[in-house]
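Asker: I'd like to ask some things about the structure below.
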Amino acid sequence: MLEARDLTIQYGDRKAVDTASLLLRPGIVTALIGPNGAGKSTLLRSLNGQIRPAAGKILLNDEPLEKFTRRSIAKQIAVVAQEAELRFPVSVLEFVLGGRFVWASGSGWGWESERDIEVAETVLKETDLSELSGRLMSELSGGERQRAVLARALATEAEFLLLDEPTANLDMSHQATLLSLVKQRCDERRAAALVVTHDINLASQFADVVVLMKAGQAVKTGNSAEVLTPELLLEVFQVNVLVDAHPVSGVPRVTPVHETFRHF
Amino acid sequence: MPVAATSNFPIQQNRATLRKTLVACGALLSALLLAILVTSLVGSERLPSGGALCALVSLGTNQCGLTSDQFDILFQIRLPRILLAAAVGGSLATAGASYQALLRNPLAEPYLLGISNGAAVGTMLALVFFGRLEWSRPLMAFAGALLATFAVYRLARGKVGASPERLILAGVIVTTLLSSVIVFVTTLMDATRIRSFTFWLLGDLSGASRGLLPLALAITITGAIALTFNARSLNLLMLGERDAFDLGVEVGRIRIIVFVVASLLVGSSVAASGSVGYVGLVVPHLARLSLGSDNRISIPSAALGGALFVIVADTIARTVIAPRELPVGAITALIGAPLFIYLLKRS
């Protein structure tokens, strides 16, 4: 389990995260939603030790995160973020093999084992990138690159996946494919995932647990039906919404009702 | 479903592997040894090729018909200078390749970032204050290089990390600042020393101190090995510090290793031969272009390639207008600058 307990993170005087708690359990996809500046990405970034909290605890399988080395954290917690601008030519396969670094025997030396190649090829297949494995990352479209970033995270075989707006660059079909892959990893390998997203309907469809954040605080945690209510969403996003059941899946479907529509 | 390890992914052939690295480094090492042999025969004083080669291959245990003057020229003057050229080239190319990976900037280079100037100021201060202590020069050069490295890094690092433009600008600021210090100290020198000093600043192996050769060689070899052993971490750092952190790299530790080892490399090479420019820029570029971006192959190849490059450049420097000599830095710049323009256009 990966747990944030009463976490507070400060940037100067501003509390980006304010006594927020979160629990990631095996097999569960958790979506973290909330308006811009609510502290979602900051909270996610603190969970693998990149941002240090001012107060509160992060527990990795009941042990404080500080007890683990960088490598051992990376072996257990993988992050999918918007990838940085690449300044050197790197092939897709080389990029994905970066996820196998934590499995190398030496600290910074060592060559990929057959098992590393096997894992990389499997995740490339899963992310539909096998055909592109020899291409340079710079030759891929934004969506393909985002899939490569996911493939690299999957290649670490970490039990916790932290995804920071993983679907931002993706078209509808790849959004669903990417989150299906994450869900599959959670179902089949008992991994736990945290997905920060602005797409509430995607969260409703794929997440087992939804956490709603506002001004650094986790104001509500529960299943999508409990969290995605018009009252709570109005309070947090200050937008009137219509919530009905998705005609196929039955999960809550959220439609904003903007002021302009009221005239119709 | 398990996937067979022997699949037909086309990139498999292009990916850096231990075998490919050993083949590339083996070929470069052979070329380097050949260059050492061949360039030992070239110089203002003609040596009989057969005898000289025989003496070299016997590592000086057999005089092979050379006169004692010829033997001394070969083993006391030419070979040490060639080995020093190899150490300087290997050091600068290795330092350049590692700075480029760590700072994610293909233009990062000891000379352009002002790190060579930092080492030059250190060497000058050692000359002024501890003139008789030969070992003080590489030590002070190392300190100067390290200080310049941290200064550039701190200046370049904004709130959102070091952008390539900021880094180069920081390099320009540090270079010009240190250049003015150099000019200030130079003007205090007497006229006879100014010429040799200017030569040294441009990169010159002719006045090289033989006493520093074992140290320079030892630093080059251990430095290149140390950085190669961190090459996989550097591969991830090339993708960005945040990505490297997420993937398990101890970013701070690697940064310190690269800064310290590269400063040692630059320091020992500047103390021995002044600021030889462009080696750290051109050689790693050629290594990456021909062998790929993987630092596990490009760093050791750059080390060997750099040694080869400076040996050839110095042979040109000491023969083209013989018996007079050019500073080797002028030759590396003459070869390096057009090659770099070509590389820029190609990319």
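Protein chains in written order, with my numbering: chain W, 1 to 264; chain F, 265 to 611. We put the CB at the ideal spot given by N, CA and C, even for glycine.
Do you know how far the Cα of arginine 421 (chain F) is from the Cα of leucine 33 (chain W)?
Answerer: The amino acid occupying residue 33 (chain W) in the given sequence is isoleucine; leucine does not appear at that position. Approximately 32 Å between the Cα atoms of the pair.
Asker: With a threshold of 8 Å between beta-carbons, can leucine 667 (chain F) be considered close to chain W, or not?
Answerer: With chain F covering 265 to 611 only, the question about residue 667 (chain F) has no answer from this structure.
Asker: Thinking C-beta only, is phenylalanine 101 (chain W) closer than 8 Å to leucine 511 (chain F)?
Answerer: Yes, the pair counts as a contact, with Cβ atoms nearer than the cut-off.
Asker: Please list, in chain order, the residues of the stretch 92-111 of chain W that have any C-beta partner in chain F closer than 7 Å.
Answerer: Listed by position along the chain: Leu93, Glu94, Gly98, Gly99, Phe101, Val102, Ala104, Gly108, Trp109, Gly110 and Trp111.
Asker: Where does the unbroken beta strand (DSSP E) through threonine 221 (chain W) begin, and where does it stop?
Answerer: 217-222 is the extent of the beta strand (DSSP E) around threonine 221 (chain W).
Asker: If the cut-off is 8 Å on Cβ atoms, which residues from the stretch 498-525 of chain F count as contacting chain W, listed in chain order?
Answerer: So the close ones are Leu498, Asn499, Leu500, Met502, Leu503, Gly504, Arg506, Asp507, Phe509, Asp510, Leu511, Gly512, Val513, Glu514 and Ile518.
Asker: Assuming asparagine 559 (chain F) and arginine 87 (chain W) make a contact with CB atoms under 8 Å, what is their CB distance in whole Å?
Answerer: Asparagine 559 (chain F) to arginine 87 (chain W), Cβ: 14 Å. No contact.
Asker: If you draw a straight line from the alpha carbon of tyrosine 363 (chain F) to that of leucine 410 (chain F), how long is it in whole angstroms?
Answerer: Answer to the nearest angstrom: the Cα atoms are 13 Å apart.
Asker: Name the chain W residues that come within less than 8 Å of arginine 430 (chain F), Cβ to Cβ?
Answerer: Residues of chain W passing the Cβ test: none, with the nearest at roughly 14 Å.
Asker: Could you name the residues of the stretch 50-77 of chain W whose beta carbon sits closer than 9 Å to any beta carbon of chain F, in the order they occur along the chain?
Answerer: Listed by position along the chain: Gln50, Thr69, Arg70, Arg71, Ser72, Ile73, Ala74, Lys75 and Ile77.
Asker: Output needed in chain order: residues of the stretch 356-375 of chain F with a Cβ under 9 Å from some Cβ in chain W.
Answerer: For the stretch 356-375 of chain F, which is checked against every Cβ of chain W, the residues closer than 9 Å are Gln364, Ala365, Arg368, Asn369 and Pro370.
Asker: At a Cβ cut of 9 Å, what residues of the stretch 553-572 of chain F count as close to chain W, listed as they run along the chain?
Answerer: Residues passing the 9 Å Cβ filter: Gly556, Ser557, Asp558 and Arg560.
Asker: Going by DSSP, what residues sit across from arginine 14 (chain W) in a beta bridge?
Answerer: According to DSSP, which records beta bridges pairwise, arginine 14 (chain W) is partnered with W:Tyr11.
Asker: For leucine 282 (chain F), which residues in chain W fall below 9 Å Cβ to Cβ?
Answerer: Trp111, listed in chain order.
Asker: Which residue from W:Leu7, W:Asn169 and W:Ile117 puts its Cα closest to that of leucine 59 (chain W)?
Answerer: Cα-wise, what sits closest to leucine 59 (chain W) is W:Leu7.
Asker: Could you name the residues of the same chain whose beta carbon sits closer than 7 Å to that of valine 96 (chain W), not counting the 5 residues immediately before and after it, in chain order?
Answerer: Only Ala120, Val123, Leu124, Ala148, Ala151, Arg152 and Ala155 meet the Cβ criterion.
Asker: Is the shortest distance between the beta-carbon of proline 256 (chain W) and the beta-carbons of chain F less than 8 Å?
Answerer: Output row for proline 256 (chain W): interface = no.
Asker: Mapping the DSSP letters down to three states, classify phenylalanine 160 (chain W) as helix, strand or coil.
Answerer: Of the three classes helix, strand and coil, the one that applies to phenylalanine 160 (chain W) here is strand, per DSSP.
Asker: Nearest chain F C-beta to asparagine 36 (chain W) closer than 8 Å, yes or no?
Answerer: So, not an interface residue.
Asker: Please compile the residues from chain F whose C-beta is within a distance smaller than 9 Å of the C-beta of proline 247 (chain W).
Answerer: Those do not exist, as proline 247 (chain W) stays about 34 Å from chain F at its closest Cβ, beyond 9 Å.
Asker: In chain F, which residues lie with their C-beta within 8 Å of the C-beta of valine 209 (chain W)?
Answerer: By Cβ distance, chain F contributes nothing, its closest Cβ being about 23 Å from valine 209 (chain W), past 8 Å.
Asker: Cα separation between proline 591 (chain F) and phenylalanine 339 (chain F)?
Answerer: Looking at the two C-alpha atoms, the distance is approximately 22 Å.
Asker: In chain order, what residues of the same chain lie with their CB nearer than 6 Å to the CB of glycine 408 (chain F), ignoring the 5 residues before and after it?
Answerer: Closer than 6 Å at Cβ, skipping near neighbours: Gly382, Ala383, Val385 and Gly386.
Asker: Rounded to whole angstroms, what is the Cα-Cα separation between leucine 234 (chain W) and leucine 43 (chain W)?
Answerer: So the two alpha carbons sit approximately 23 Å from each other.
Asker: Beta-carbon within less than 8 Å of threonine 583 (chain F)'s beta-carbon, same chain only, minus the 5 sequence neighbours each way: which residues are those?
Answerer: Val306, Gly307 and Ser308, listed in sequence order.
Asker: Kindly indicate if chain W contains any beta-carbon less than 8 Å away from that of arginine 640 (chain F).
Answerer: Nothing about residue 640 (chain F) can be read from this structure; chain F reaches only from 265 to 611.
Asker: Among W:Gln205, W:Leu161, W:Pro166 and W:Asn240, which one has its Cα closest to the Cα of glutamine 76 (chain W)?
Answerer: It is W:Leu161 whose Cα lies nearest to the Cα of glutamine 76 (chain W).
Asker: Check whether the stretch 592-602 of chain F touches the stretch 531-547 of chain F, counting contact only when three or more Cβ pairs, one atom from each stretch, lie closer than 8 Å.
Answerer: Contact between the stretch 592-602 of chain F and the stretch 531-547 of chain F is present, because at least three Cβ pairs lie under 8 Å.
Asker: Is glycine 467 (chain F) closer than 8 Å to glycine 544 (chain F) when the C-beta atoms are compared?
Answerer: Their beta carbons are not under 8 Å apart, which means glycine 544 (chain F) does not touch glycine 467 (chain F) by this criterion.
Asker: Roughly how many angstroms separate the alpha carbons of glycine 378 (chain F) and phenylalanine 523 (chain F), rounded to a whole number?
Answerer: Computed Cα separation, rounded: 14 Å.
Asker: What are the start and end residues of the alpha helix (DSSP H) that includes valine 123 (chain W)?
Answerer: Per DSSP, valine 123 (chain W) belongs to the alpha helix (DSSP H) from 114-126.
Asker: Is the beta carbon of leucine 550 (chain F) within less than 7 Å of some heavy atom of the ligand COA?
Answerer: Among the components modelled here there is no ligand, and therefore nothing to report on the ligand COA.
Asker: Is there a C-beta anywhere in chain W that falls below 8 Å from the one on arginine 345 (chain F)?
Answerer: Not closer than 8 Å to any Cβ of chain W, the Cβ of arginine 345 (chain F) fails to qualify, so no.
Asker: Could you tell me whether the Cβ of leucine 2 (chain W) comes closer than 8 Å to any Cβ of chain F?
Answerer: Chain F contact via Cβ: absent.
Asker: Return the chain-ordered list of same chain residues with a C-beta closer than 6 Å to the C-beta of methionine 388 (chain F), the five sequence neighbours on each side being excluded.
Answerer: Only Val449 meet the Cβ criterion.
Asker: Run through DSSP, which three-state label would leucine 22 (chain W) get?
Answerer: Leucine 22 (chain W) falls in the strand class under three-state DSSP.
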